[in-house]
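**Student:**
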Amino acid sequence: MQKNFSDRHTLSVPFMLMAIVFNVCLIASNLFETKLFMAGPVALTGGVIIFPVSYIINDCLVEVYGYRKARLVIWTGFLMNFFVVAMAQIVRVLPAAPFWDGGPHFDYVFAMAPRVTIASMLAFLCGSTVNAWIMSRMKVASRGRRFSVRAIVSSLGGETVDSLIFFPIAFWGLGASEMLSLMLTQVLLKTLYEVIILPVTAFVVKKLKQLEKTDTFDESISYNPFRIFDI
Numbered sequence: 440m441q442k443n444f445s446d447r448h449t450l451s452v453p454f455m456l457m458a459i460v461f462n463v464c465l466i467a468s469n470l471f472e473t474k475l476f477m478a479g480p481v482a483l484t485g486g487v488i489i490f491p492v493s494y495i496i497n498d499c500l501v502e503v504y505g506y507r508k509a510r511l512v513i514w515t516g517f518l519m520n521f522f523v524v525a526m527a528q529i530v531r532v533l534p535a536a537p538f539w540d541g542g543p544h545f546d547y548v549f550a551m552a553p554r555v556t557i558a559s560m561l562a563f564l565c566g567s568t569v570n571a572w573i574m575s576r577m578k579v580a581s582r583g584r585r586f587s588v589r590a591i592v593s594s595l596g597g598e599t600v601d602s603l604i605f606f607p608i609a610f611w612g613l614g615a616s617e618m619l620s621l622m623l624t625q626v627l628l629k630t631l632y633e634v635i636i637l638p639v640t641a642f643v644v645k646k647l648k649q650l651e652k653t654d655t656f657d658e659s660i661s662y663n664p665f666r667i668f669d670i
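According to our numbering, the stretch in the sequence shown is residues 440 to 670, in order.
(1) Which residues in the same chain have their Cβ closer than 7 Å to the Cβ of P491, if we skip the five residues on either side of it in sequence?
(2) Have a look at I513, F605, N520, G583 and flag the residue whose alpha-carbon is nearest the alpha-carbon of D657.
(3) On the CB-based measure, 16 or more other CB atoms within 10 Å of its CB, does Q625 come out buried or exposed?
(4) Considering Cα atoms alone, identify which of V588, L623, G612, S616 is closest to S602.
(5) Rank F471, G612, P664 by C-alpha distance to the C-alpha of R554 and give the top, closest one.
(6) Please name the residue, chosen from Y662, A525, I636, that lies closest to C565 on a Cα-to-Cα basis.
(7) Provide the residue span of the alpha helix (DSSP H) that contains V492, from first to last.
(8) If distances are taken between C-alpha atoms only, which option among S587, V579, L465, L483 comes closest to I660?
(9) Let me know the secondary structure DSSP gives S445 once reduced to three states.
(10) Taking the beta carbon of D540 as the centre, do at least 16 other beta carbons fall within 10 Å, making it buried, or is it exposed?
(11) DSSP beta-bridge partners for R477?
(12) Have a look at L450 and I459 and give me their C-alpha separation to the nearest angstrom.
(13) Whole angstroms is fine: what's the gap from V644's alpha carbon to E502's?
(14) Taking 8 Å as the threshold (C-beta atoms), are C499 and M457 in contact?
(15) Whole angstroms is fine: what's the gap from P664's alpha carbon to I573's?
(16) When we look at the beta-carbon of K508 and count the other beta-carbons within 10 Å, is it buried (16 or more) or exposed?
(17) Classify S581: buried if its beta carbon has 16 or more other beta carbons within 10 angstroms, exposed otherwise.
(18) What is the rounded straight-line gap between the Cα of T568 and the Cα of P537?
(19) Buried or exposed for L475, going by 16 or more other Cβ atoms inside 10 Å?
(20) Is it buried or exposed, V600, if we count other Cβ atoms within 10 angstroms and call 16 or more buried?
(21) Jot down the residue ranges of each uninterrupted alpha helix (DSSP H) in the segment 507-542, minimum 4 residues, whole runs only, in chain order.
So this is what it looks like as structure tokens:
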């Protein structure tokens with residue numbers, strides 16, 4: 440069932456703006472990963488500041504527009520991230536101007552190891568898809584109630600899958616206890632981030648539903664993650 444007063448194939452301006460912000464957050468988080476900072480005794484990457492925003496937007500998209508349109512945005516994020524990474528490698532191999540001394544700094548940010556890049560992109564795709572799937576199924580099961588619970592549970596599930604894929608691939612060889620501690624810290628902090636900002640997320644969802652006159656329930660749809668154009 441889809442409670443939607445507009446054609447489900449229509450992509451509105453608010454939807455497009457959220458998709459753009461989603462893509463920007465994803466790409467920016469990968470660039471911010473090169474910065475390490477201390478949060479008390481814990482070392483974190485700069486990406487933890489902005490990456491959870493993509494999950495918050497994911498929740499908003501599924502809640503208002505449904506899984507299918509959220510799936511489209513997830514794939515655009517994956518492809519745009521791949522595009523930026525590919526273009527960065529091309530720019531890196533271009534001959535530098537003789538008066539420019541920023542080569543080492545540029546390489547430090549963009550010379551990402553292939554293993555880390557693959558881990559990041561695969562983890563994002565799987566984690567975001569799981570987040571959207573949990574959010575969608577819980578909405579149908581709860582008949583649209585308890586948004587806050589659904590947002591937290593779906594984000595926790597997505598972040599867990601993301602970490603389970605990313606860290607073993609990107610940090611292969613790291614001790615099991617150290618890797619488990621790092622994964623647990625990342626999942627808990629990112630989820631806590633989303634819990635703190637939950638009132639804002641709920642407010643945005645409420646206003647979007649009023650603006651779009653849309654409240655989508657994903658009943659009898661395909662959750663195949665590769666049916667990108669089925670919106």
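Ideal Cβ positions, reconstructed from N, Cα and C, are used throughout, including at glycine.
**Tutor:** Inspection of the coordinates gives the following:
(1) Here the question's residue 491 lines up with position 52 in the sequence shown. Close CB contacts of P491 within its chain, under the 7 Å cut and outside five residues either way in sequence, are with K629, Y632, E633 (chain order).
(2) In the sequence shown, the residue the question calls residue 657 occupies position 218. Ranking I513, F605, N520, G583 by Cα distance to D657 puts G583 first.
(3) Position 186 of the sequence shown holds residue 625. Buried, because 16 or more other Cβ atoms sit within 10 Å of the Cβ of Q625.
(4) As a working note, residue 602 is residue 163 in the sequence shown. Ranking the options by Cα distance to S602, first place goes to L623.
(5) On the sequence shown, position 115 is the one that residue 554 refers to. The shortest C-alpha separation from R554 is found at G612.
(6) Locating residue 565 in the sequence shown gives position 126, where the first residue counts as 1. Ranking Y662, A525, I636 by Cα distance to C565 puts Y662 first.
(7) Taking the sequence shown and counting its residues from 1, the one referred to as residue 492 is at position 53. For V492, the uninterrupted alpha helix (DSSP H) segment begins and ends at 490-504.
(8) Within the sequence shown, the letter at position 221 stands for residue 660. If we check each option's Cα against that of I660, V579 comes out closest.
(9) In the sequence shown, residue 445 corresponds to position 6, counting from 1. Low confidence applies here, because S445 scores a pLDDT of 45, under 50, leaving its location unreliable and the question unanswered by this model.
(10) Within the sequence shown, numbered from 1, the residue matching residue 540 stands at position 101. Exposed, since its Cβ has fewer than 16 Cβ neighbours within 10 Å.
(11) The residue labelled residue 477 in the question sits at position 38 within the sequence shown. Residue identity check: residue 477 is Met in the sequence provided, not Arg. A482, per the DSSP bridge assignment.
(12) Counting from one through the sequence shown, the residue named residue 450 turns up at place 11. Counting from one through the sequence shown, the residue named residue 459 turns up at place 20. Their Cα atoms are separated by approximately 13 Å.
(13) Within the sequence shown, numbered from 1, the residue matching residue 644 stands at position 205. Within the sequence shown, numbered from 1, the residue matching residue 502 stands at position 63. One C-alpha to the other measures close to 7 Å.
(14) Here residue 457 is taken as the residue at index 18 of the sequence shown, counted from 1. Here residue 499 is taken as the residue at index 60 of the sequence shown, counted from 1. With a cutoff of 8 Å on beta-carbon distance, M457 and C499 are scored as near each other.
(15) For this step, residue 664 is matched to residue 225 along the sequence shown. For this step, residue 573 is matched to residue 134 along the sequence shown. One C-alpha to the other measures close to 13 Å.
(16) Within the sequence shown, numbered from 1, the residue matching residue 508 stands at position 69. Buried, by the Cβ-count rule.
(17) Sequence index remark: in the sequence shown, residue 581 carries index 142 (1-based). Exposed: under 16 other Cβ atoms inside 10 Å.
(18) As a first step, residue 568 must be located in the sequence shown, where it is residue number 129. As a first step, residue 537 must be located in the sequence shown, where it is residue number 98. Across the structure, T568 and P537 are spaced so that their CA atoms are roughly 46 Å apart.
(19) Numbered from its first residue, the sequence shown carries residue 475 at position 36. Exposed.
(20) Looking up residue 600 in the sequence shown gives position 161. Around the beta carbon of V600, a 10 Å sphere encloses 16 or more other beta carbons of the protein chains shown; the residue is thus reported as buried.
(21) none
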